[in-house]
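*Asks:* In UniProt numbering, the protein residues as written are 1 to 187. Structure incoming, see below.
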């Protein structure tokens, strides 16, 4: 794709992610749950690191099924921490389990994760018009509010920078550069 956003470089996996997934509005609860946890796993690392491990994450985290993850015991945690196919960080693994429990508690209150998250943008993607990567913010007041609300609901590894990267990934904001064909396609 000519003129795609430069952040994905020359890596075919990264380019495919940019061209097919990043910025596409996502409303499915379980897919949003997966993305939120993978964004948290990425904290302190590059997204390509997580992207390369994503299929393995899906396998060892039971397809990111919150019902199953919420019941993980110490033996499962130990197995995950020994698995080189994921980022072996005890706090991040524990956060995924806690996030599954928070997801289920939210659902038990009659609230969907999708509805909760999309309310921050009134259910409609915010279309930005950035010409350069330097213009794209690392966080916004909306991401700060989402982070605060997620933390209050019991989620972990959901700071404002992670929240904004999540919003970009799941299409709550269109941060494709205006020179990128995906910007127009997603408007």
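The C-beta atom is built at its ideal place from N, Cα and C for all residues, glycine as well. As the structure is a computational prediction, the values presented were derived from the model and not from experiment.
Can you tell me which of the three DSSP states residue 174 falls into?
*Replies:* Here residue 174 refers to the residue found at position 174 when the chain shown is read from its first residue. In the structure shown, residue 174 sits in a strand (DSSP, three-state: E or B).
*Asks:* When the Cα atoms are used, what is the spatial distance from residue 79 to residue 43?
*Replies:* By 1-based counting over the chain shown, the position of residue 79 is 79. By 1-based counting over the chain shown, the position of residue 43 is 43. Between residue 79 and residue 43, the C-alpha separation is close to 21 Å.
*Asks:* Residue 131: buried (16+ other C-beta within 10 angstroms of its C-beta) or exposed?
*Replies:* For the purposes of this step, residue 131 is taken as the residue at position 131 of the chain shown. So residue 131 counts as exposed.
*Asks:* Taking DSSP's pairing of strands, which residues face residue 127 in a bridge?
*Replies:* Taking the chain shown and counting its residues from 1, one reaches residue 127 at position 127. Looking at the DSSP assignment, residue 127 forms a beta bridge with 174.
*Asks:* Just checking, does the segment 84-103 make contact with the segment 128-142 on the three C-beta pairs under 8 Å criterion?
*Replies:* No: the two stretches stay apart, fewer than three of their Cβ pairs being nearer than 8 Å.
*Asks:* Could you tell me if residue 12 is buried or exposed, where buried requires 16 or more neighbouring beta carbons within 10 angstroms of its beta carbon?
*Replies:* Taking the chain shown and counting its residues from 1, the one referred to as residue 12 is at position 12. Residue 12 should be labelled exposed.
*Asks:* Put residue 140 into one of helix, strand or coil per three-state DSSP.
*Replies:* In the chain shown, counting from the first residue as 1, residue 140 sits at position 140. Residue 140: coil per DSSP, three-state reduction.
*Asks:* What is the DSSP secondary structure of residue 61, counted as helix, strand or coil?
*Replies:* Position 61 of the chain shown, counted from the first residue, corresponds to residue 61. In this structure, residue 61 counts as coil in the three-state DSSP scheme.
*Asks:* Check each candidate in 50, 112, 61, 60 and name the one with the smallest Cα separation from residue 32.
*Replies:* In the chain shown, the residue the question calls residue 32 occupies position 32. Comparing Cα positions, the closest option is 112.
*Asks:* Pick from 101, 128, 121: whose alpha carbon is nearest that of residue 151?
*Replies:* In the chain shown, residue 151 corresponds to position 151, counting from 1. Among 101, 128, 121, the Cα nearest to that of residue 151 belongs to 101.
*Asks:* Which residues in the same chain as residue 169 place their Cβ atom closer than 7 Å to its Cβ, once the five residues preceding and following it in sequence are excluded?
*Replies:* Along the chain shown, read from residue 1 onward, the residue named residue 169 stands at position 169. Cβ neighbours of residue 169 beyond the five flanking positions: 22, 35, 39.
*Asks:* What is the DSSP secondary structure of residue 67, reduced to helix, strand or coil?
*Replies:* Position 67 of the chain shown, counted from the start, is the residue given in the question as residue 67. DSSP places residue 67 in helix when its eight states are reduced to three.
*Asks:* Answer with buried or exposed for residue 167, where buried requires no fewer than 16 other C-beta atoms within 10 angstroms of its C-beta.
*Replies:* Against the chain shown, residue 167 aligns to sequence position 167. It is buried - the Cβ of residue 167 has at least 16 other Cβ atoms within 10 Å.
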